[in-house]
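Residue numbers (the working numbering), protein chains in the order written: chain W, 1 to 291; chain U, 1001 to 1389; chain Y, 2001 to 2278.
Virtual Cβ for every residue (Gly too), placed ideally from N, Cα, C.
What follows is one structure encoded as structure tokens, with my remarks underneath.
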Amino acid sequence: MTSGDVQKSSRFVYLQVAPLALVLFFFFAIPVALVVLVSFFRYQMLVGMVPQFTSKNYVGLLSSPTTWALYLSTVKFTVIVLAITFVLGFWIAYFLVFHVRNLLTAIGLFLVCTVPFWTSNIIRMISWRPVLGKEGLINSGLIKAGIVSHPLDWLLFSDFSVVVAYVHLFTLFMIVPIFNSMARIDKSLLEAATDAGATRWGVVWNVVLPLSKTGIALGALFVVTLTMGDFFVVTVISGGLSGSATSGIFNDLQFLNYPRAAANAVILLVVVLLVAAAIFRVVDVRKELVR
Amino acid sequence: MNRQSFRPASQETGEIRLVNLTKTFGATTAVDKINLTIPHGSYCCLLGPSGCGKTTILRMIAGHETPTSGEIYIGKEMVVGKPPVARGTAMMFQSYALFPHLTVLDNVAFYLKMRNVGKDERRQRAQEMLHRVQLHALKDRVPAQLSGGQQQRVALARSLITNPRVLLLDEPLSALDEFLRLRMRGELKSLQRELGITFVHVTHTQPEAIALANMVVVMDTGRIDQEGSANIIFNRPKTPYVARFMGGQNVLTGTVVRTADGPLRLQGANGAQFEAATNEVALPEGSPLSFAVRRDRIKLRKSVGGKAATAPNEVRGVVEATEYQGSYVKVFVDLGGGVFVAYLADGDFFANPIEKGDAVVASWSPADINILTNVDKGAAGDPYSDAMH
Amino acid sequence: MAASPSSYGSRPWTFYALATLFALFVVFLYGPMIAVLILSFQGPSAALVFPLRDPSLMWFDELFNPRRVGDVVGAFERSFPLALLVAALTVVISVSAGFAFRRRFIGDTVIFYTAIASLIVPGLVLSIGVLVTFRYLGMSAAWYSSALGAHLSWTLPFGLLIMFAVLGRLDPSYEEAAYDLGASRWQAVWSVVIPIVLPGMIAVALFGFTLSYDEFPRSWLTVGSKNTLPLEIWTMTTNVTSPALYALGAMTTFVSFAAIVIGLTSIVAIQRRRSGSK
Chain W
1 MTSGDVQKSS
11 RFVYLQVAPL
21 ALVLFFFFAI
31 PVALVVLVSF
41 FRYQMLVGMV
51 PQFTSKNYVG
61 LLSSPTTWAL
71 YLSTVKFTVI
81 VLAITFVLGF
91 WIAYFLVFHV
101 RNLLTAIGLF
111 LVCTVPFWTS
121 NIIRMISWRP
131 VLGKEGLINS
141 GLIKAGIVSH
151 PLDWLLFSDF
161 SVVVAYVHLF
171 TLFMIVPIFN
181 SMARIDKSLL
191 EAATDAGATR
201 WGVVWNVVLP
211 LSKTGIALGA
221 LFVVTLTMGD
231 FFVVTVISGG
241 LSGSATSGIF
251 NDLQFLNYPR
261 AAANAVILLV
271 VVLLVAAAIF
281 RVVDVRKELV
291 R
Chain U
1001 MNRQSFRPAS
1011 QETGEIRLVN
1021 LTKTFGATTA
1031 VDKINLTIPH
1041 GSYCCLLGPS
1051 GCGKTTILRM
1061 IAGHETPTSG
1071 EIYIGKEMVV
1081 GKPPVARGTA
1091 MMFQSYALFP
1101 HLTVLDNVAF
1111 YLKMRNVGKD
1121 ERRQRAQEML
1131 HRVQLHALKD
1141 RVPAQLSGGQ
1151 QQRVALARSL
1161 ITNPRVLLLD
1171 EPLSALDEFL
1181 RLRMRGELKS
1191 LQRELGITFV
1201 HVTHTQPEAI
1211 ALANMVVVMD
1221 TGRIDQEGSA
1231 NIIFNRPKTP
1241 YVARFMGGQN
1251 VLTGTVVRTA
1261 DGPLRLQGAN
1271 GAQFEAATNE
1281 VALPEGSPLS
1291 FAVRRDRIKL
1301 RKSVGGKAAT
1311 APNEVRGVVE
1321 ATEYQGSYVK
1331 VFVDLGGGVF
1341 VAYLADGDFF
1351 ANPIEKGDAV
1361 VASWSPADIN
1371 ILTNVDKGAA
1381 GDPYSDAMH
Chain Y
2001 MAASPSSYGS
2011 RPWTFYALAT
2021 LFALFVVFLY
2031 GPMIAVLILS
2041 FQGPSAALVF
2051 PLRDPSLMWF
2061 DELFNPRRVG
2071 DVVGAFERSF
2081 PLALLVAALT
2091 VVISVSAGFA
2101 FRRRFIGDTV
2111 IFYTAIASLI
2121 VPGLVLSIGV
2131 LVTFRYLGMS
2141 AAWYSSALGA
2151 HLSWTLPFGL
2161 LIMFAVLGRL
2171 DPSYEEAAYD
2181 LGASRWQAVW
2191 SVVIPIVLPG
2201 MIAVALFGFT
2211 LSYDEFPRSW
2221 LTVGSKNTLP
2231 LEIWTMTTNV
2241 TSPALYALGA
2251 MTTFVSFAAI
2261 VIGLTSIVAI
2271 QRRRSGSK
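Structure representation (structure tokens):
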């Protein structure tokens, strides 16, 4: 490559990145900006949005106890789901990386875990209904085995089912980054720790866990943003009994109250971004993802 | 890529001339105003530690790196600005860079494919080339199925099919194990003789360089310290750096005592006196001067009793350690102000064994003194990390 | 890969504990889907009871009958081409951008973080935004315009990250060797780089297809009046509890599986050919 080619290529680079930039601009940057804009509009019944700037939407939302209750509910779910997916994700990744001896088997098992990710979330979610329902698989099994006499009705359409559904859908997002981080750990570090007298648990606590920090942070980022931003799981699986921030937005949209929905959406976005920023302080995202 | 970029078969000379060649990466100068002429048909080794700029020079000759300033002439043409294929050079990469998605045959035929040679013809010619490197049987294999040595020969075939006038090799033997390395050394040397083209070979291993090259260029942080035949570089290093890098030399420093007539005399530390066989140096009295003596030209004898007057070309010290190396034994002597190493033939050593703690006198003949052009700035090299294997 | 030194190759108790955990997790993952698969073959009794009373294919039949179940076929005829389109565009745009990012250029950090932000922003928020954007432009939402764009804003970051991983691991010597042997920049890309990173590109296409085919929140407001399949399923869940839903689930999962199998087998086939095992 000559210097002349270097000049040409630097101009060509902009052409190469243009499609991505354009799509992101029109279908991400502008929409988000407009959501923020609309959140300051006024809403008139039967008329729709009126482009008059007002902060009534925010004031109304932030002073309403319902909003706070919904957000609290969302945070509650997120924390519980995060904890469970972390424990599950960490140990499954640990099993795959450190206990499975054959590399090909490990990759095969890893793929087995990921395959459900490629199928429809909605389907996976509603397939819990016949399993958790009053006449479903688990209840029938429990009754047949004589463990309970009446079907447990808290299995479905409850907070429990919401958590189960979230864990089912999102644990994979923990497994993948943690698996990635763990696989990059130099095995001789573990042997050195054992040589120095660490027990197996000590090795996990002192070596594996710190070195998987990046993967855990990325996994947490995914799980948090997906859980907080979800609304169909919460509406379908809880039967409307549990709330979340998104169900508030959903309701406003049903009534075509775009400004209020937009304001709520912005609040949600801010919360999500704050969490993301906190996690970004732990992980240098660009270095990690670009490798 | 137009056809004009492809050069016809190499009838032209493969002489390489580097003129004030410089390469900077930001604030770092990797190559600093290098001037070098490599004659046509020579086997030239660029030798030096990592970071000295030798690979950068190779890549600039190849055209994979653009000089910051300076000129490169191959044959009579100035090639800076020309794409690699138009220079008549071919490069063998350290990792071989065989295309993993192509068979061995298609790898070798790649150049011809880029020239739009028809499928049958280019396969035919690739097969002939594979015959020459004796890998014809593997033509339908994929690179991942080949051993390191086989991969290297495929890379060689792939380069040679371009009919280059210069072959550039980037540490070609570093990835091979010891036995394979030594065998490939012989093959490279005979190949170069057979082809008659210029080889430029980058390495950090001294035995490799002096075994293969008829022109050795020793480099240190972007500059050339010394260039010459392997014999000259080894026996008459010009600077302390080259002496230490090539290994097998002791570097000593003294101050000039008398230069008028008679042999050159130097006053060294602890009352040592040095006398050279020649008197070519025109330095005033009192100036510091360094010289090198080959370690295998040192005689050792145990010293008896106190401080007898020292004869010229003798130093006294205490043995720090001995190391058995098969046909010779290394003896490390502490001079009280530096370490000194002698290689004694095993027969001589075991006839009169010397042990750690013995007081010894090391001596050599004046003819073995090799005056260096720079004054030694101190042991940049650790005598314990000897270069010669 | 075992880290703990085990005497004579026997495994510690933790292995069995973790293996059991793993097995349970797999059951947890696949159980419901298998249950749905089995239930979709249920007969007219439509009961959610195991074992099935009288297996039949009647519910699959129902799917093609839009009066009772909803416009499944129509929704599929929008979801499938949309997914193909998204996959194709994602590959082209991600690969192109991935190549651009091999060098630093003005604005590269901005674009990178915008792509990451696009991954993080909840789909619902984006959906609202795209709808509003189209309203302002006076255009109506449709699956081939607004939904397409909304899907791309989700799949492109994934594609970009995959291309980063793949191109980042690519040894630059391959391209230099190609130049050495007379390739122009285009020839080096086409004859050397693209064939080598082809498995990565297939992965990008797979991501693009499945993410779009299964996408719900970003489709929600942006498809206009005609639903894609996930949206149709959504309306059905709120109205319908018949096993037709499970039949639909089985079928749509089958399509996803087909995509995965095609994608993975082509990747595996390429890797095996490269490593030489025949």
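Minimum Cβ-Cβ distance from residue i to chain Y less than 8 angstroms
i, result
"P19 of chain W", "yes"
"I147 of chain W", "no"
"R200 of chain W", "yes"
"F1110 of chain U", "yes"
"I1016 of chain U", "no"
"P177 of chain W", "no"
"P51 of chain W", "no"
"F28 of chain W", "yes"
"S64 of chain W", "no"
Buried or exposed by the 16-neighbour rule on C-beta atoms within 10 Å, applied to residue i
i, result
"F2207 of chain Y", "buried"
"F90 of chain W", "buried"
"I147 of chain W", "exposed"
"T2238 of chain Y", "exposed"
"D1140 of chain U", "exposed"
"R281 of chain W", "exposed"
"W128 of chain W", "buried"
"Y1402 of chain U", "Nothing about residue 1402 of chain U can be reported from this structure: the residues present for chain U run from 1001 to 1389 only."
"Q1226 of chain U", "buried"
"N1002 of chain U", "With a pLDDT of 36 at N1002 of chain U, under the threshold of 50, the modelled position of that residue is not reliable, and no figure is offered here."
"V1218 of chain U", "buried"
Chain W within 8 angstroms of residue i, Cβ atoms only
i, result
"M2033 of chain Y", "yes"
"A2150 of chain Y", "yes"
"A1973 of chain Y", "A query on residue 1973 of chain Y cannot be resolved here, the shown segment of chain Y reaching from 2001 to 2278 and no further."
"L2084 of chain Y", "no"
Integer-rounded CB distance, given that residue j should sit under 8 angstroms from residue i
i, j, result
"L1146 of chain U", "L1156 of chain U", "13 angstroms between Cβ atoms; not a contact."
"H1040 of chain U", "E1015 of chain U", "4 angstroms"
"D1376 of chain U", "G1222 of chain U", "Rounded, the Cβ-Cβ distance is 21 angstroms, inconsistent with contact."
"V81 of chain W", "F170 of chain W", "7 angstroms"
"A2035 of chain Y", "L172 of chain W", "Between L172 of chain W and A2035 of chain Y the Cβ distance is about 19 angstroms, and since that is not below 8 angstroms, they are no contact."
"Y1241 of chain U", "Q1152 of chain U", "Their Cβ separation, rounded to whole angstroms, is 31 angstroms, which puts Y1241 of chain U and Q1152 of chain U out of contact at 8 angstroms."
Residues of its chain near residue i, where Cβ-Cβ distance is below 7 angstroms and the 5 sequence neighbours each way are ignored
i, result
"M2201 of chain Y", "V2091 and V2095"
"F1025 of chain U", "none"
"P1049 of chain U", "H1204"
"N1035 of chain U", "L1018, V1019 and N1020"
Sequence-distant residues of its chain with Cβ nearer than 8 angstroms to residue i (five each side left out)
i, result
"A198 of chain W", "N206 and V207"
Contact set between residue i and chain Y, taken where Cβ atoms lie within less than 9 angstroms
i, result
"I1091 of chain U", "The sequence as given places Met at residue 1091 of chain U; Ile does not occur at that position. Under the 9 angstroms cutoff, chain Y gives E2176, A2177 and D2180."
"T1162 of chain U", "D2180, L2181 and G2182"
Interface partners of residue i on chain W, CB under 8 angstroms
i, result
"W2013 of chain Y", "Those do not exist, as W2013 of chain Y stays about 10 angstroms from chain W at its closest Cβ, beyond 8 angstroms."
"A2115 of chain Y", "L20 and L24"
"A2019 of chain Y", "F95 and H99"
Cutoff 8 angstroms: residue i Cβ touching any chain U Cβ
i, result
"P1945 of chain Y", "For residue 1945 of chain Y there is no data in the structure shown, the boundaries of chain Y being 2001 and 2278."
"Q2187 of chain Y", "yes"
"S2275 of chain Y", "yes"
"I2202 of chain Y", "no"
Cut-off 6 angstroms between Cβ atoms - residues of its own chain near residue i, not counting five sequence neighbours on either side
i, result
"M1129 of chain U", "V1108, A1157 and I1161"
"H168 of chain W", "none"
7 angstroms Cβ cut-off: residues of chain Y touching residue i
i, result
"M1114 of chain U", "L2181, G2182, A2183 and Q2187"
"A1137 of chain U", "In chain order: nothing, as chain Y lies at least about 15 angstroms away."
Under 8 angstroms by beta carbon: chain Y residues contacting residue i
i, result
"S1095 of chain U", "D2171 and S2173"
"F170 of chain W", "Correct list: empty, because the minimum Cβ distance to chain Y is about 12 angstroms."
"G229 of chain W", "V2121, P2122, G2123, L2124, V2125 and P2217"
"V1281 of chain U", "Neighbours of V1281 of chain U on chain Y: none; closest Cβ ~47 angstroms, over 8 angstroms."
"H1064 of chain U", "E2176, Y2179 and D2180"
**OP:** Using a Cβ-Cβ cut-off of less than 8 angstroms, list which residues of the region 1122-1146 of chain U approach chain B; keep chain order.
**Re:** Of the protein chains in this structure, namely W, U and Y, none is chain B.
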